[in-house]
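These notes concern the structure reproduced below.
Chains as they are written, first to last, in the numbering used here: chain A, 14 to 478; chain B, 17 to 283; chain C, 4 to 260.
Structure, rendered in structure tokens:
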């Protein structure tokens, strides 16, 4: 009976296109009447997930339940969900009225009722009197409204919205956000909303599901997601943040940016490497140096409307972003204070690159589909499977792609105060994580080299966790 | 100044290009058997053409009839076959798609004479006696690729969500095809049909090789035989003029329609 | 996805049709070309062709006429296409339609009209009239693709070039001409291929004085010399194949309409 609380249950959904894994064991439960947003960068699998829910495509693995009933193999026209498509997908050969009545006519609803319904939904999207218009003569915003009207005319149990506002300009987007929210309240049905716009997600949702690389990163309310991101990806993707490497010295004491800070987190163990997130508005900036926890020099100060955005260099050489209502002039020496509750400590997902490898001969090991030279190996047999580890900072990225052992492109960048943490996606679809002080842009093609001395080999079963 | 020279050049080329046709057009209004000999204004050749009152009675008329009927059949079958094929090709991937696209391009790239000879040898090889049916089959071979190439871009340019939207709103795949896909493909099918029709009308070489020895004539083969006999049948002059005017009207209509469509989509 | 992929079977009837009426006939050409009249394998048809001075001469003449015709069409057609695409020099859509229109009219009729005009003007029919008549026939096929590509070309390329200091003449030669090459190439395809394979047209324009390669193929086929005719067709297919290599796979075939 508990199942009845959930209008949608996705259990262990996986989906690949060719070699590329789009969704990797995704499970989601959605309560009736909720406004759920699936948030993530492009290519994270969010649209694929929505399409599976609508029935456009089949999951390789997993189960889809709607209202407690298994819909995994049911074709789209038999599902009690309707979709608002990103580029609207209005039928260009039909007018506004016929577009909205399309689904009702298929259900053989009597004409007077269709009439009533079309008028009702048009009123709902503030498009009364547009019945006879040709859809291609409508503006983007109007087409969007018709697309929504068409989907809700069918009275679905769940409305799926695939980046419906992405094509609108900023002002219109804001207005539509408010209208969508009101519409959700009035209709009382479940909305599943896909977007890459974090602000939109924070504004609209009851629950946000953050996705990246086909995996769910975090599920929570907007405040949870903002205040307590569970990993550096979420912290970086939602809002502005300072993300730094840190060490949890002991419970309630964390070291980062060269200083020790009191915090409220526990249970990480002693001297555990962690990621630390501090939101720019949570760093207090003061003139009085003595009362501060540490000092910094202002590098730049930009007025942003409500607040000033400042970049400072701390006494230990870390760059931080600070937002404050007061302006501090560049080159000014300032004091900084961070309150324990404002420090968000997160487990590190990994502390170095780990690959599966195979010993080729006494000085070569094969991993990532390439054979690398290593320092002389002792105690390994040829062909033995081994664990290969390379520190983030020991991977060389070079401009000339041809000169690298491997090729890849910069997939994701996090600035960590004094260096960049890059995720490189190789041509073969593997991930390599790199710490560097060089400046790269997302999408740059890079060659990748690893020096023999930096390749650490260990027996496969040693640190198996 | 530059514009003046440019316009002169353009009109110079146009005058050269159109001189033969205008010449034929002018001499379609006189009765003289020999071209270039003006014997006074007359519309007799036109009335001859329509009443069939001339030497070789009826053979020109039946050639015209054959041409039009063959073109209609070939273009209709090609439109049907090509549209279904385009939908199939659009949903194919990989090697199969490449192979079928490659084969589809061959009749377009091949000179008519090669297509004609190859089909002639096919019918010989299969011991099919050649006549009306083989000509129609050959014309379908020639025409269908153009339909495919006119329908396929419509499918690739179409927002794939539109078909999905129909399913999403409760349409079965068949209803979605009938109510959404086909109406959206209609412009491509129409232009494909028109192109196929004109291709068939204009064809000479393929008909020539596949018509067999049963005495089947289309307009092209009629003209060919007629001209080889020495001297153009005078009644062909009004026919050429009329076809020219017909194409002119058709092109103007198509262009006006295209312009109106362009305006509509701008709005 | 699963619903859509089933639609791929819709291509099946046409695939069978293509195999039967496009692939098989070409295979049969090859089959016949390598057979002698008794049906055994033989290279005799090709030996016959390469040792027959008349056939080789006709072949060379056909290539020569086709190349000359193509070059003249480029020289006359490129400036015309450029003027038509240039908004400052030509604002009328009518001239463009007038240039396209001959492509829609039966080539045999146009050729016949041209030949009659020559005849009445008292011009001796021969190689000269053949080339002029072919240029008449095929010039629109050269102008149209070049016009198309020039017309669609982004104006900002020319603006960027002149912004960087190019004179109008340099803009034309260094930017517009290179960018319009795909149009020229498809123009070459549309002019060269039909001219090299033509048969009826050359008979009309030269009063049967000059035979082109197409005519020889037709004569052999019509006099039941199928194997030799097939071999000659194969030679022409190879020429066509070489010419098509000039161009990328992305041919804008539907640009004719």
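Idealized CB from N, CA, C, for every residue including glycine.
Identity of the residues DSSP links to residue i by a beta bridge
| i | result |
| --- | --- |
| residue 44(C) | 38(C) |
| residue 105(C) | None; residue 105(C) has no bridge partner. |
| residue 359(A) | 288(A) |
| residue 446(A) | 436(A) |
| residue 297(A) | 350(A) |
| residue 245(A) | BP columns for residue 245(A) are empty, so no partner. |
| residue 429(A) | BP columns for residue 429(A) are empty, so no partner. |
| residue 314(A) | 323(A) |
| residue 459(A) | 421(A) |
| residue 400(A) | 369(A) and 471(A) |
| residue 101(A) | 98(A) |
7 Å Cβ shell around residue i - same chain, five flanking residues per side excluded
| i | result |
| --- | --- |
| residue 166(B) | 204, 207, 208 and 211 |
| residue 41(C) | none |
| residue 94(B) | 156, 159, 160, 163 and 212 |
| residue 462(A) | 409, 411, 417 and 418 |
| residue 368(A) | 380, 381 and 401 |
Start and end residues, beta strand (DSSP E) containing residue i
| i | result |
| --- | --- |
| residue 74(A) | 74-79 |
| residue 409(A) | 408-411 |
| residue 225(C) | No beta strand (DSSP E) contains residue 225(C), which is instead part of the alpha helix (DSSP H) from 216-225. |
| residue 51(A) | 48-52 |
| residue 206(A) | 203-208 |
| residue 372(A) | 366-374 |
| residue 232(A) | 228-233 |
| residue 19(A) | 19-30 |
| residue 281(A) | First-last for residue 281(A): undefined, no H or E at that position. |
| residue 104(B) | Careful: residue 104(B) lies outside any beta strand (DSSP E), inside the alpha helix (DSSP H) at 75-106. |
| residue 96(A) | 94-97 |
Within-8 Å CB hit, residue i to chain B
| i | result |
| --- | --- |
| residue 104(A) | yes |
| residue 189(C) | no |
| residue 174(A) | no |
| residue 120(A) | yes |
| residue 72(C) | no |
| residue 167(A) | yes |
| residue 116(A) | yes |
| residue 231(C) | no |
| residue 7(C) | Caution applies to residue 7(C), whose pLDDT of 45 falls short of 50 and renders its modelled position unreliable; the value that the coordinates give is listed next. Yes, its Cβ sits closer than 8 Å to a Cβ of chain B. |
| residue 257(C) | Since pLDDT at residue 257(C) reaches only 38, below the 50 mark, its modelled position is unreliable, and the value read off the structure follows with that caveat. Closer than 8 Å: yes. |
8 Å Cβ cutoff, residue i in contact with chain C
| i | result |
| --- | --- |
| residue 271(B) | yes |
| residue 77(B) | no |
| residue 7(B) | Residue 7(B) lies beyond the residue range present for chain B, which begins at 17 and ends at 283; the question has no answer from this structure. |
Close beta carbons around residue i, own chain, < 6 Å, minus the five adjacent residues each side
| i | result |
| --- | --- |
| residue 87(C) | 93, 99 and 150 |
| residue 364(A) | 286 |
| residue 35(B) | none |
| residue 204(C) | 114 |
Same chain only: Cβ atoms within 8 Å of residue i, ignoring 5 sequence neighbours per side
| i | result |
| --- | --- |
| residue 183(B) | 189 and 192 |
| residue 479(A) | Residue 479(A) lies beyond the stretch modelled for chain A, which goes from 14 to 478, so this question has no answer here. |
| residue 254(C) | Residue confidence for residue 254(C) is low, a pLDDT of 43 falling below 50, so the modelled location carries little weight; the figure read from the coordinates is stated next. Within the same chain, residue 254(C) has close Cβ partners 189 and 192. |
| residue 148(A) | 103, 104, 105, 107, 108, 109, 112, 156 and 159 |
| residue 258(C) | With a pLDDT of only 38 at residue 258(C), under the threshold of 50, the placement of this residue in the model should not be trusted; the figure read from the coordinates follows. Here the set comprises 147, 148, 151 and 189. |
CB contact check: residue i to chain A, cutoff 8 Å
| i | result |
| --- | --- |
| residue 283(B) | Because the pLDDT of residue 283(B) is 46, which lies under 50, any placement of that residue in the model is unreliable, and the number read from its coordinates should be weighed accordingly. With 8 Å as the cut-off, residue 283(B) counts as an interface residue toward chain A. |
| residue 26(B) | no |
| residue 199(B) | yes |
N- and C-terminal bounds of the alpha helix (DSSP H) containing residue i
| i | result |
| --- | --- |
| residue 184(B) | 176-184 |
| residue 72(C) | 56-88 |
| residue 209(B) | 198-218 |
Pull out every residue of the stretch 31-62 of chain A whose Cβ sits closer than 7 Å to any Cβ of chain B, in chain order. The stretch 31-62 of chain A vs chain B, Cβ under 7 Å: nothing.
Give, in chain order, every residue of the stretch 222-247 of chain B whose Cβ lies closer than 8 Å to some Cβ of chain C. Those would be 224, 225, 235, 236, 239, 240, 243 and 244, in chain order.
Taking only beta carbons into account, state which residues of the stretch 111-123 of chain C come closer than 9 Å to chain B, listed in chain order. The stretch 111-123 of chain C vs chain B, Cβ under 9 Å: 111, 112, 113, 114, 115, 116, 117, 118, 119, 120, 121, 122 and 123.
Output, in sequence order along the chain, the residues in the stretch 27-47 of chain C whose CB is closer than 7 Å to any CB in chain B. Within the stretch 27-47 of chain C, the residues whose Cβ lies closer than 7 Å to some Cβ of chain B are 27, 28, 29, 31, 32 and 35, listed in chain order.
Against chain A: residues of the stretch 176-195 of chain B by CB proximity under 9 Å: Under the 9 Å Cβ criterion, the stretch 176-195 of chain B contributes 176, 177, 178, 179, 180, 181, 182, 183, 184, 185, 186, 187, 188, 189, 191, 192 and 195.
Using a Cβ-Cβ cut-off of less than 9 Å, list which residues of the stretch 171-202 of chain C approach chain B; keep chain order. Within the stretch 171-202 of chain C, the qualifying residues are 192, 196, 197, 199, 200, 201 and 202.
What are the residues in the stretch 63-76 of chain A lying within 9 Å of chain B by C-beta distance? Those residues of the stretch 63-76 of chain A placed with their C-beta closer than 9 Å to a C-beta in chain B are 64, 67, 68 and 69, ordered along the chain.
Just by C-beta distance, which residues in the stretch 23-48 of chain B are closer than 7 Å to chain C? Cβ contacts with chain C: 25, 26, 29, 30, 33, 35, 36, 37, 39 and 40.
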